[in-house]
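In our numbering, the protein residues as written are 33 to 310.
Every residue gets a Cβ at the ideal spot worked out from N, C-alpha and C, and that includes glycine.
This one's a predicted model, so the numbers in the text were calculated from it and none came from an experiment.
So the structure is just underneath, and the comments pick up after that.
Set out below in structure tokens:
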């Protein structure tokens, strides 16, 4: 028979015998464009990665492609749901991206961040000339009781974890050192660290402290994992993205035992936390 353009076959001159019609359809293969971006914490931006691997999986079918400069074409995808995961040395995938290839109209972006290692952590508070003096406050807790202990200069050890290196000059910085964070425990629960920045009422520099320009950087080993910044006394509230004035108290963020860092509402505390925006 011959198809007529509408996938209908005419089979003329059939006898009275039986007729078997067998139809086979090959799976439709689709291509999409994708790119892998690695977060550069030092420059607070993302950069395209060449040489990363993109793995895709759909049911029992799977494939691998290596990224090239610009975007990378991923061929042979089925029409159903496909999961995409990037891999690159020294980085972790932020999440697996799920798509339906036939509905993809733009380049699919896969984001990666520096890998969390067993190296020690550091939290560094620094500030500029507009701010006279600040203190880094840290609370150690567990579960929902995230402020069970206040870490101070006088208490540099807690549950086997080294803590705050206080400064004696008005220029800072304050540094919190955490060499064995993954094994930290409070009441048998994995530790949760809550960070707060306070402009003291009695400033060592003989002037009222004002929280105008400040930055909190969180390092894992030599990798900068997250940075929070107040500029001109204001910072975005992660709940709605609006700029708020922090005043004397700035609730920064929360870090969990697995290295996950979340944002707090700057003026309202850390009862509710939000994913960090990078």
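query	result
Residues near residue 113 in its chain [Cβ-Cβ closer than 8 Å; skip 5 each side]	90, 130, 131 and 132
Residue 84 and residue 110 closer than 8 Å at C-beta	no
Contact the stretch 155-166 vs the stretch 213-220: 3+ CB pairs below 8 Å	no
8 Å contact criterion, which residue 256 and residue 205 should meet: CB distance rounded	Residue 256 to residue 205, Cβ: 14 Å. No contact.
Per-residue burial, residue 127 [other beta carbons within 10 Å of its own, 16 or more giving buried]	exposed
DSSP-derived helix/strand/coil call for residue 146	strand
8 Å Cβ shell around residue 301 - same chain, five flanking residues per side excluded	283
Residue 124 and residue 145 closer than 8 Å at C-beta	yes
Three-way DSSP call (helix, strand, coil) for residue 133 in this model	helix
7 Å CB neighbourhood of residue 296 in its chain, flanking five on each side removed	283, 284, 285, 286, 302 and 305
Endpoints, beta strand (DSSP E) assigned at residue 115	114-119
Reference residue 207, options 214, 223, 222 and 183, closest by Cα	183
Three-state secondary structure assigned by DSSP to residue 267	strand
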